[in-house]
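Just so we're aligned: 152 in our numbering is position 133 of the sequence shown, and the numbers increase by one with no gaps anywhere. Report on the structure given below.
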Amino acid sequence: MMRPAEGTIKPAKVFIIGAGVAGLQAIATAKRLGAAVTAFDTRSVVAEQVRSLGAKFLDIDLGETGQTAQGYAQALSPEQMAKQQAAQAQCIAQSDIVITTAQLFGRKPPVLINHDTIKQMKAGSVIVDMAAESGGNVAGSVAGDTTVIEGVKIIGTGNWSNEVALNASQMYANNLFNLVSEFWQKDSNTYAIDLEDDIQKSAVITHQGHITNQTISELRAQQDTHAMEQAS
């Protein structure tokens, strides 16, 4: 909030959907810029993280929800999705900026903002759909492009890491170096595979000709089942 001699300028209202890595960073950045921030995530366990950054957590009772062992949000039922859309519509309509970051590992992201909700927003408002490249959280968003619907600008820029290529490369290289160093055996000059280790259990996809990653195995089983149903 700014209070010059001419009067009071209220802070921009920012609503962030999804409190994973991208969402939490968006919250922190918006707060540093002086915005009034509200956030929502289907995983109620992240509410405290949201509040610790100075944002308000929007409580929506969706019944039983959760996350995978890897920390990813689980898909909602159609009834839960409809309830979420309805409950967050008022908050979206009152916001100047909405940022959506909701992704489902290995699946198309859910549509969280429909055309009816966009119509309720003020002209000049902005929606940043960070999931546009993989399908989008916002109806009408276009991957790699910016569109305007009902006076609302919808930014569908994808591949965000390319926008900061130098820093992204540095961070990626650092993570890979730490991963390899953790399991590198200096005596034998080899990389030790240990599928009982929690890190490798999630990171290793195949070993000795077999799929070892549980998430990938489940996705492949679903694809095989779908293919059999299509063929029959």
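Yeah, the Cβ is synthetic: ideal placement off N, Cα and C, and Gly gets one too. Here the structure is a predicted model, which means the values were calculated and not measured.
Measure the CB-CB distance between residue i and residue j and report whether it falls below 8 Å.
i, j, result
"Leu72", "Ile36", "no"
"Gly125", "Ala151", "no"
"Thr27", "Cys110", "no"
"Ala74", "Met149", "no"
"Pro128", "Met100", "no"
"Phe59", "Leu77", "yes"
"Thr234", "Thr225", "no"
"Ser180", "Ser144", "no"
Between the options, which has its C-alpha nearest residue i's C-alpha?
i, options, result
"Ile116", "His229, Ala31, Ile235", "Ala31"
"Gly155", "Leu77, Ala121, Ala38, Gly39", "Ala121"
"Asn133", "Ile212, Ile168, Gly163", "Ile168"
"Ala105", "Leu81, Thr119, Ala94", "Leu81"
By Cβ distance, which residues of its chain are closer than 7 Å to residue i, with the 5 residues on each side in sequence left out?
i, result
"Leu195", "none"
How long is the line joining the alpha carbons of residue i and residue j, rounded to whole angstroms?
i, j, result
"Ser96", "Trp203", "43 Å"
"Val69", "Ala54", "14 Å"
"Asp217", "Val171", "44 Å"
"Ala250", "Thr244", "10 Å"
"Val64", "Thr209", "39 Å"
"Leu193", "Glu201", "It should be noted that the sequence gives Asn, not Leu, for residue 193. Going from the Cα of Asn193 to the Cα of Glu201 covers about 12 Å."
Sorted by chain position, which residues of the same chain lie with C-beta nearer than 6 Å to residue i's C-beta, five sequence neighbours on each side aside?
i, result
"Ser160", "Asp148, Ala151, Ile173, Gly175"
**Prompt:** Can you list the alpha helix (DSSP H) stretches of 4 or more residues lying completely in the stretch 87-154, in chain order?
**Reply:** 97-112, 134-139
**Asked** What are the start and end residues of each continuous beta strand (DSSP E) run of 3 or more residues lying completely inside the stretch 163-223, in chain order?
**Response** 165-168, 171-174
**Item:** Completely contained alpha helix (DSSP H) runs for the stretch 26-71, where each covers 4 or more residues
**Value:** 40-51, 66-71
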